[in-house]
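Reviewing the structure listed below.
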Amino acid sequence: AEGGREGVTGIRLSRIFWIGAAGALVLAALIGISSLLRSDFSETDWQILLTLVTLVVAAGAAVSGLGLVERGLRAIGWAAVVVALCSFVVIAAATWDAFDGETLAKWAATAAFALAATLLCTTQLAIHRGRHTWLLAVTWVAALGAFGISSGALWSESGDGWKIAASLWIVALVGWLNMPVLQRFAAAASTTTPERVLATLDDIELVASRANGLAVELAPGERLVLRRRPRP
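In this note's numbering, the protein residues as written are 13 to 244.
What follows is the structure in structure tokens.
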């Protein structure tokens, strides 16, 4: 029952995120169309657009973090949620301050780096299903290294390190993009285990098979349960 509630919670959170993201994107599109019709992008228009984009990205990172919490990765999941919320607040504050304050603008850039690294790492971990762990490690090392070097170069006001940081960001992005591709390829090429036993009860087995069988469509939050019928 507890697992069922967690599954339903995850589905509701994902649904809320996608509804909110769709609403934010529609609002951003309306603002853009209105500005184009006026032939002018005002400072307020840019501030609203940047705030909405930041909100969508931060919400995506936060939802991914909550998904990791439900999978038992509580420390990583809650850390992602905190980073997403703090990053949104800092970037939004700097946006509506028009990036006039140098210190606040630097904190906003640092928050943007942290948010990008968090989004790459958490979403990749959320779709990871046990294979290609090496790619997961490469992506995490590259993303965290890119965040650290970018932030250091920003605050030191030095041109050193930006090329290395950019290279690491590219490596992290390529690793993030290739995880679902490699997992799909591995799943399609796997022919060594056509059947997989999910549960057993006496001489009865619940089997996942590639062969013909009984297809059951489950409603959101439902799970297959194998149980013993009570004796009269």
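Glycine included, every Cβ here is placed at the ideal spot set by N, Cα and C.
Since we're looking at a predicted model, the values are computed, not measured.
- How about A120 and L156: are their beta carbons less than 8 Å apart? Position 108 of the sequence shown, counting from 1, holds the residue named residue 120. Position 144 of the sequence shown, counting from 1, holds the residue named residue 156. Not in contact: A120 and L156 (Cβ atoms no closer than 8 Å).
- Item | W188 versus P242 - alpha carbon distance | As a first step, residue 188 is located in the sequence shown; it is residue number 176 there, counting from the start. As a first step, residue 242 is located in the sequence shown; it is residue number 230 there, counting from the start. Between W188 and P242, the C-alpha separation is close to 49 Å.
- Message: Suppose only complete runs of 3+ residues qualify. What are the beta strand (DSSP E) ranges in the region 98-155, listed by chain order?
- Response: none
- Message: If distances are taken between C-alpha atoms only, which option among A92, L64, A87 comes closest to V75?
- Response: As a working note, residue 75 is residue 63 in the sequence shown. Residue A92 is the option with its Cα nearest to V75.
- Would you check if there are 3 or more beta carbon pairs closer than 8 Å linking the region 101-117 to the region 133-149? no
- Per DSSP, cross-strand counterpart(s) of L218: The count along the sequence shown starts at 1 and reaches residue 218 at position 206. Its beta-bridge partners are A211.
- Item | Of the residues R196, T151, L210, the one placed nearest W181, counting alpha carbons only | Taking the sequence shown and counting its residues from 1, one reaches residue 181 at position 169. Looking from the CA of W181, the closest CA among R196, T151, L210 belongs to T151.
- Query: Cβ of I161 within 8 Å of Cβ of A149?
  - Reply: If you number the sequence shown from 1, residue 161 lands on position 149. If you number the sequence shown from 1, residue 149 lands on position 137. No. Outside cutoff.
- Item | Environment of T122 [buried if 16+ CB atoms lie within 10 Å] | As a first step, residue 122 is located in the sequence shown; it is residue number 110 there, counting from the start. Counting Cβ neighbours within 10 Å, T122 comes out buried, since at least 16 surround it.
- C-beta atoms of A73 and A96 nearer than 8 Å: Reading the sequence shown from its first residue, position 61 is the one you call residue 73. Reading the sequence shown from its first residue, position 84 is the one you call residue 96. Yes; because the gap between Cβ atoms is below 8 Å, this pair is in contact.
- Message: Using the three-state DSSP reduction, which class does R83 fall into: helix, strand or coil?
- Response: Reading the sequence shown from its first residue, position 71 is the one you call residue 83. R83 falls in the coil class under three-state DSSP.
- How long is the line joining the alpha carbons of T203 and I103, rounded to whole angstroms? Here residue 203 refers to the residue found at position 191 of the sequence shown. Here residue 103 refers to the residue found at position 91 of the sequence shown. Any answer about T203 is weak, because its pLDDT of 48 lies below 50 and its placement is not dependable; what the coordinates show is given next. Near 48 Å, if we compare the C-alpha coordinates of I103 and T203.
- Message: Our contact map puts V219 next to L230 with C-beta atoms below 8 Å; I'd like the distance itself, whole angstroms only.
- Response: Translated into the one-based positions of the sequence shown, residue 219 becomes position 207. Translated into the one-based positions of the sequence shown, residue 230 becomes position 218. Between V219 and L230 the beta-carbon gap is near 17 Å, outside 8 Å, which marks them as no contact.
- Message: For R86 and K118, I'd like the C-alpha separation in whole angstroms.
- Response: Against the sequence shown, residue 86 aligns to sequence position 74. Against the sequence shown, residue 118 aligns to sequence position 106. Separation of R86 and K118 (C-alpha to C-alpha, rounded to the nearest whole angstrom) is 30 Å.
- Message: Measuring only the C-alpha atoms, how far is G77 from C98?
- Response: Numbered from its first residue, the sequence shown carries residue 77 at position 65. Numbered from its first residue, the sequence shown carries residue 98 at position 86. If I take the Cα positions, the gap works out to 14 Å.
- Report buried or exposed for G84, applying the criterion of at least 16 other Cβ atoms within 10 angstroms of its Cβ. Along the sequence shown, read from residue 1 onward, the residue named residue 84 stands at position 72. Exposed, because fewer than 16 other Cβ atoms sit within 10 Å of the Cβ of G84.
- Could you have a look at E55 and say whether DSSP puts it in helix, strand or coil? Walking along the sequence shown from the start, residue 55 turns up at place 43. In the three-state reduction of the DSSP assignment, E55 falls in the helix class.
- Task: Please state if the CB of F100 and the CB of T8 are separated by a distance shorter than 8 Å.
- Result: In the structure as shown, the chain starts at 13 and stops at 244, and residue 8 therefore has no counterpart that could be examined.
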